[in-house]
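Residue numbers (the working numbering): 835 to 1081.
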């Protein structure tokens, strides 16, 4: 696969809650087309964590660095190793005054990402947010990695928790060429409540527009405007991140 031919459009917008509290957007995304594999990651820093955005940025960048040239038969092991390294980074971060696991949850963030070697791919996922893959023109046959919450709908899981490995999920797929990664601020737009079907009125118009719009920067601005329109702000108060890729 010539990764440079992969088209990627992504945007993050600050939710009304963070606007009201004068807080930054806690979401972060990153992707890489320059290595052996295509890799993309979206992370949502926990609103209750003082340094959630730093945790989100750290885990995204670490996963990208380690997965972009990883052999296909080691994807799972590489994801686990990268998350361990990201945990160590925030443990040693200058804002972690104890330099220990005692305050690692100050950097709490969820993770949803994809790694693809040109033939097959794998979603990796901790917490809420969601991932979706389908073949262009055949959206009814899709593979999804849905959100996972705790005992209550407002709870979720983070890469900083002690039991992060038990909550790490992998979903493999092949023969699909369209990828969506999203933070939890968009899952109610993209899927039915049971996650058994996608919301065609949201996913397909965005897919068709991004596929047709050639300049990625222009498409990114249009995507950000869509995620930040009045209806989207009203329906969900959270930060919103969407990453779309055509393999």
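For each residue, glycine too, the CB sits at the ideal point set by N, CA and C.
When you compare only the Cα positions, how much space is there between residue i and residue j?
| i | j | result |
| --- | --- | --- |
| residue 919 | residue 889 | 12 Å |
| residue 896 | residue 915 | 10 Å |
| residue 1055 | residue 867 | 20 Å |
| residue 1042 | residue 948 | 21 Å |
| residue 986 | residue 921 | Since pLDDT at residue 986 reaches only 46, below the 50 mark, its modelled position is unreliable, and no value is offered. |
| residue 998 | residue 945 | 11 Å |
| residue 1025 | residue 1033 | 5 Å |
Can you tell me whether residue i is helix, strand or coil according to DSSP?
| i | result |
| --- | --- |
| residue 1028 | coil |
| residue 864 | strand |
| residue 1072 | coil |
| residue 905 | coil |
| residue 859 | coil |
| residue 899 | helix |
| residue 918 | helix |
| residue 1062 | coil |
| residue 849 | coil |
| residue 926 | coil |
| residue 990 | strand |
| residue 983 | strand |
Measuring alpha carbon to alpha carbon, tell me which of the options ends up nearest residue i.
| i | options | result |
| --- | --- | --- |
| residue 1001 | 979, 932, 1014, 1034 | 979 |
| residue 1003 | 983, 1040, 1081, 879 | 983 |
| residue 878 | 901, 864, 869 | 864 |
| residue 973 | 1057, 1048, 1012 | 1012 |
| residue 855 | 942, 874, 1072 | 1072 |
| residue 1077 | 939, 926, 906, 875 | 875 |
What are the partner residues of residue i, as DSSP defines its beta bridges?
| i | result |
| --- | --- |
| residue 1078 | 843, 1014 |
| residue 958 | 947, 1004 |
| residue 874 | 865, 948 |
| residue 879 | 943 |
Give the range of the alpha helix (DSSP H) segment to which residue i is assigned.
| i | result |
| --- | --- |
| residue 968 | Here residue 968 belongs to no alpha helix (DSSP H); instead the beta strand (DSSP E) covers 964-969. |
With 8 Å as the threshold, decide whether the Cβ of residue i is near any Cβ in chain C.
| i | result |
| --- | --- |
| residue 855 | You won't find chain C in this structure, because it holds only one protein chain. |
Considering residue i, what are the terminal residues of the beta strand (DSSP E) in which it resides?
| i | result |
| --- | --- |
| residue 978 | 972-979 |
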